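A.B. asks: Read in order, the letters of the sequence shown are residues 4 to 337 in the working numbering. All residues carry an ideal CB built from backbone N, CA and C; glycine is no exception. None of the values given here were measured: they were computed from a predicted structure.
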Amino acid sequence: MPIRVAVVGAGSWGTTVAALACRNTPTVLWARRPELAAEVSRNHRNSEYLAGCALPEQLAATASLAEAVSEADVLVMGVPSHGMRATLRELAAHVRPWVPVVSLAKGLEEGTRLRMTQVIAEELPGHPVGVLTGPNLAKEILSGHAAATVVAFSDDHIARELQRIFSGDLFRVYTNPDVVGCEVGGALKNVIAIASGMADGLGTGDNTRAAVITRGLAELSRLGVAMGGRLMTFAGLAGMGDLIATCISQQSRNRYVGEQLGKGRTIDEIVAEMKMVAEGIKTSKVVVELADQYEVEMPIAREIHAVIHEGCTATDAYRGLLRRDHRSELHGMS
């Protein structure tokens with residue numbers, strides 16, 4: 004009997020993952036709005052989040068959460084971090100015991116500072132939990148461009164089965180047992196991407212962008228290791244790969260936020276015009292709290308927090324970084 008997959012959340016990435024999975028196994032996509040579910044099922048489109056992209060005809064969609072998850076053998080959570088806990092509570096009564104849960108969200112919960120797999124574990128105790136993460140821009144994947152990702156579970160048997168479900172001819176899936184490292188890399192890179200975008204908005208050059216990305220990788224690696232991740236994970240797809248894609252792509256929402264901040268716009272103005280969530284905005288606050296908790300140096304993250312939450316300008320942030328003491332590049336990286 005084929006494995007049945009339910010993807011909860013019909014944003015750009017949730018829809019894309021559902022499109023990948025449905026080519027290998029029966030898959031249903033849950034959309035909160037009935038009109039969006041109908042468009043996916045009948046027209047094989049998601050015009051709000053993936054305009055111009057065709058979806059597989061075999062992909063089914065529903066606006067009923069109970070219908071989506073009650074028969075699922077694999078549950079994929081594609082809702083943003085700020086809505087994760089509420090959605091889990093809504094579906095908890097309908098999901099079967101022991102079903103593996105895959106998080107797609109690249110954020111941290113405000114207040115608790117928890118990773119999304121920790122939130123899932125609290126709301127759905129007894130379920131194996133992991134993440135799917137990497138340098139994955141939804142429209143490029145749906146357009147047929149080659150890409151790679153990581154599925155991270157502590158249970159290798161589950162990871163390998165999910166590897167089969169999500170793999171495609173041009174979509175390569177790797178396994179990694181380091182759930183913490185993969186998840187932290189995916190969340191923290193959004194904050195660094197805002198810094199990279201700010202450099203673009205300020206009109207700086209490629210040298211500046213390269214410096215931001217490289218030193219940003221050092222920051223997220225330091226915190227990730229302090230939180231229990233493995234250093235090598237941050238040199239892979241879930242770390243460096245995702246960071247590069249998010250920092251340089253014109254499709255990156257977090258890079259766009261930074262670019263607009265660099266051009267002098269306020270965070271409220273930027274958020275008001277965006278249809279989709281830029282996770283780095285909320286994550287920046289949690290990252291600074293975690294840096295204090297684990298006593299980790301994160302100067303780039305702190306400057307981004309100051310711009311978003313304390314009224315600092317992008318110009319002030321870059322001046323602050325340039326005023327830092329000179330030191331060895333390897334400081335704090337071992």
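Skipping 5 residues on each side, what residues in its chain have a beta carbon closer than 6 angstroms to that of Arg212?
C.D. replies: Hits under 6 angstroms: Ser199 and Ala202.
A.B. asks: Quick one: which unbroken alpha helix (DSSP H) runs of 4-plus residues sit fully inside the segment 100-144? Chain order, please.
C.D. replies: Runs of the alpha helix (DSSP H) inside the segment 100-144: 119-126.
A.B. asks: Which partner residues does Gly147 have in the DSSP bridge list?
C.D. replies: DSSP lists no partner for Gly147.
A.B. asks: Name the residue from Arg225, Val183, Gly208 and Arg258 whose alpha carbon lies nearest to the alpha carbon of Leu140.
C.D. replies: Taking only the C-alpha atoms, the option nearest Leu140 is Arg258.
A.B. asks: For the 8 angstroms Cβ check, are there 3 or more pairs between the segment 64-72 and the segment 27-40?
C.D. replies: Flag = yes, the segment 64-72 and the segment 27-40 touch.
A.B. asks: Relative to the alpha-carbon of Pro59, which residue among Tyr52, Glu51, Ser157 and His47 has its alpha-carbon at the smallest distance?
C.D. replies: It is His47.
A.B. asks: Tell whether a beta-carbon distance below 8 angstroms holds between Pro100 and Gly244.
C.D. replies: Not in contact: Pro100 and Gly244 (Cβ atoms no closer than 8 angstroms).
A.B. asks: Should Ser337 be labelled buried (16 or more other beta-carbon atoms within 10 Å of its own) or exposed?
C.D. replies: Because the pLDDT at Ser337 is just 45, under 50, the model does not fix this residue reliably, and the value given afterwards should be weighed accordingly. Classification of Ser337: exposed, given that the 10 Å Cβ count is below 16.
A.B. asks: My output table needs one value for Thr236: the three-state DSSP class, helix, strand or coil.
C.D. replies: Here Thr236 sits in helix by DSSP.
A.B. asks: State buried or exposed for Pro83, treating a residue as buried only when at least 16 other CB atoms are found within 10 Å of its CB.
C.D. replies: Flag for Pro83 reads buried.
A.B. asks: Does the structure place the segment 170-180 close enough to the segment 98-113 that three or more beta carbon pairs sit under 8 angstroms?
C.D. replies: Output reads no: the segment 170-180 does not touch the segment 98-113.
A.B. asks: Distance check for Lys266 and Arg118, CA to CA, integer angstroms please.
C.D. replies: Distance between the alpha carbons of Arg118 and Lys266: 32 angstroms.
A.B. asks: With Arg175 as the anchor, note down where its beta strand (DSSP E) starts and where it stops.
C.D. replies: Segment Phe174 to Asn179, the beta strand (DSSP E) holding Arg175.
A.B. asks: Using only CA atoms, which one of Ala95, Arg45 and Gly81 lies nearest to Glu282?
C.D. replies: Closest by alpha carbon: Gly81.
A.B. asks: Specify, as a first and last residue, the run of the alpha helix (DSSP H) that Leu39 falls within.
C.D. replies: Pro37 to Ala41 is the span of the alpha helix (DSSP H), which, as asked, contains Leu39.
A.B. asks: In terms of residue numbering, what span does the alpha helix (DSSP H) encompassing Met87 cover?
C.D. replies: From DSSP, the alpha helix (DSSP H) with Met87 extends over Ser84 to Leu94.
A.B. asks: Looking only at DSSP bridge pairs, what is Ala317 linked to?
C.D. replies: Its beta-bridge partners do not exist; DSSP assigns none.
A.B. asks: Out of Val183, Pro5, Tyr52 and Ser50, point me to the one whose CA is closest to Pro29's CA.
C.D. replies: It is Pro5.
A.B. asks: Express the C-alpha separation of Ala309 and Gly219 in angstroms, rounding to a whole number.
C.D. replies: If you take the alpha carbons of Gly219 and Ala309, they lie about 16 angstroms apart.
A.B. asks: Looking at the structure shown, is Val299 part of a helix, part of a strand, or coil, going by DSSP?
C.D. replies: Three-state result, Val299: coil.
A.B. asks: Could you tell me whether the Cβ atoms of Ile273 and Ile197 are closer together than 8 angstroms?
C.D. replies: Contact flag unset, no.
A.B. asks: Relative to the C-alpha of Leu173, which candidate in Gly114, Arg167, Gln61 and Ala151 has its C-alpha closest?
C.D. replies: Checked all of Gly114, Arg167, Gln61 and Ala151; the closest Cα to Leu173 is Ala151.
A.B. asks: Can you name, in chain order, every residue of its own chain whose Cβ lies under 8 angstroms from the Cβ of Gly147, other than the five neighbours on each side?
C.D. replies: These residues qualify, in order along the chain: Leu173.
A.B. asks: Figure out for me which residue from Pro103, Glu126, Leu191 and Thr249 has the closest Cα to the Cα of Phe156.
C.D. replies: Selected option, being the one with the closest Cα: Pro103.
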